[in-house]
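Peer 1:
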Amino acid sequence: MSEKRALRTRVTERSKGSPKIFLLFVLLLGVAVQRLGAAKHPALDSSVDATKCLACHADKTSAKSAHTTIKGGCLSCHEVRVGKEVTRVKLIVPTAANLCFTCHKDKNPTNLTGRIHAPDARDCLKCHDPHKSENSALLLKPTSGDQTHNLCLSCHDVGVHVAKGGSRHPALDSGCDTCHTIHKTGDPNQFEFAYHLTKAIPQLCIDCHDPKDEKLRAAHHGQPFETSDCVQCHDARQSNSPHLMQAFLHSPFENQECDDCHQPAKNGKVVLTQKDVKSTCVVCHEEQAKQIASAKVPHPGAQDDCTVCHNPHAGQTPGFLQPNPVAACLACHPERTEDLKKKHVHQPASDLGCATCHEPHGGDNAHLLRKAKVNDLCLECHGPEANPQKVEGAPLVAIFNG
22 MSEKRALRTR VTERSKGSPK IFLLFVLLLG VAVQRLGAAK HPALDSSVDA TKCLACHADK
82 TSAKSAHTTI KGGCLSCHEV RVGKEVTRVK LIVPTAANLC FTCHKDKNPT NLTGRIHAPD
142 ARDCLKCHDP HKSENSALLL KPTSGDQTHN LCLSCHDVGV HVAKGGSRHP ALDSGCDTCH
202 TIHKTGDPNQ FEFAYHLTKA IPQLCIDCHD PKDEKLRAAH HGQPFETSDC VQCHDARQSN
262 SPHLMQAFLH SPFENQECDD CHQPAKNGKV VLTQKDVKST CVVCHEEQAK QIASAKVPHP
322 GAQDDCTVCH NPHAGQTPGF LQPNPVAACL ACHPERTEDL KKKHVHQPAS DLGCATCHEP
382 HGGDNAHLLR KAKVNDLCLE CHGPEANPQK VEGAPLVAIF NG
């Protein structure tokens, strides 16, 4: 006897022995069928139009903000298929995102370059209501408020968990759109586009922080900062330290020993304690200066001022590379930018930093590699005995999950 037939026989035998169970089964089946029937769209005739739709769906237009497409009629987005007893309503294209892109071509990821906000690429309805909303741009929620009310905080936890003794940017209370334009894209190695900012730094910061403010000038010890890259020293969202300080700080800057490198500003310009930037850095970093001067294979980029690659105050990563460990090198090696657009890229080159494999200050090996043999270098992370360790608070970059 087949399994299905045996099961059917057992159910029938149990039903005979227990009429109440059988009756309950029939009742539940009836309720399920009713629910299935209730989920069906009411039957319509083949000449249905938007007016007919709004007879039942008038709520789709009654809101502070309604989708302009509704004025063109529901059939601009929906397709109605009428059978003998069944009416089916579906989108005119397979996915909601593809439907949105038929009108919003400037939002279509296939037409964009640079970093794209993940929901923008595949799921417009993650943020927007397709019909109506009480919020601008048909957003599901406002972009301000706490985690319950702020749409952005549905995915992001910026400013929510601030460490004791840390700091939080007050601008977060004004709403995420104070600083961000989510659909803005461009070169991901530029901070403005990597974080979808409304303006480039420092113009965005100056909108709220007046460089002429005496308290602000005192906090910067009278040094000019109007054209500085604010986010090299400050985290614009939250920090584990006071004053939104970045995670990695140059020792003189951290200890407020500004006069180690600076004299009082003159005519609004920085005046160093030594004749130039490199001479100022060498006072403490003599070892790196010797490596640059004596390298068998010199790095041309290291012959310039140290601040071409390093920020002298702070940074988001060890070594204070600006704007980050990858983009710092791409400024002189733009041909590698095209490589990083390929589908499969090497993690050290795309995310961690070129110094994972290369000696940035010059070395003894071809191509400035840290090892004479390429295989030895690769096996540091991909070998059977590889045990890469996370490096915290040191001017090094390490690979993980090698």
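So the number in the working numbering is just where the residue sits in the sequence shown, counting from 1, plus 21.
Backbone N, C-alpha and C define an ideal beta-carbon position, used for all residues, glycine too.
Since the structure is predicted, the reported quantities are computational estimates derived from the model, not experimental observations.
1) Do you know whose CA, among 386, 157, 104, 146, lies nearest residue 84's CA?
2) For residue 290, which residues of its own chain have a beta-carbon under 8 angstroms away from its beta-carbon, when the five flanking residues on both sides are left out?
3) Residue 293 lies in the beta strand (DSSP E); which residues open and close that run?
4) Name the DSSP bridge partner or partners of residue 109?
5) What are the partner residues of residue 335, as DSSP defines its beta bridges?
6) For residue 286, report the span of its beta strand (DSSP E) as first-last.
7) Less than 7 angstroms separating the beta-carbons of residue 184 and residue 261?
8) Please report the residue range of the alpha helix (DSSP H) in which residue 393 lies.
9) To the nearest angstrom, report how far apart residue 222 and residue 395 are at their CA atoms.
10) Leaving out the 5 sequence neighbours to the left and right, which residues in its chain are closer than 7 angstroms to residue 98 when beta-carbon positions are compared?
11) Using the Cβ count rule (16 or more neighbours within 10 Å means buried), how would you classify residue 178?
12) Who are the near neighbours of residue 110 in its chain, counting only those whose CB is closer than 6 angstroms to its CB and skipping five residues on each side?
13) With a cut-off of 8 angstroms on the beta carbons, I'd call residue 232 and residue 213 a contact; round off their distance for me.
14) Counting only the same chain and skipping the five closest in sequence on each side, list residues whose C-beta sits under 7 angstroms from that of residue 230.
15) Which stretch, first to last residue, makes up the alpha helix (DSSP H) that contains residue 254?
16) State the Cα-Cα distance for the pair residue 135 and residue 181, rounded to the nearest angstrom.
17) Excluding the 5 residues flanking residue 132 on each side, which residues of the same chain have their C-beta closer than 8 angstroms to its C-beta?
18) What do you get for residue 171, buried or exposed, if any count of 16 or more other CB atoms within 10 angstroms of its CB means buried?
Peer 2: According to the data block:
1) 157
2) 245
3) 290–293
4) 102
5) 270
6) 283–287
7) yes
8) Unbroken run through residue 393: none, as it is neither H nor E.
9) 40 angstroms
10) 90, 112, 113, 120
11) exposed
12) 62, 99, 101
13) Going by Cβ atoms, the distance from residue 232 to residue 213 rounds to 19 angstroms, so no, they are not a contact pair.
14) 237
15) 251–254
16) 28 angstroms
17) 126
18) buried
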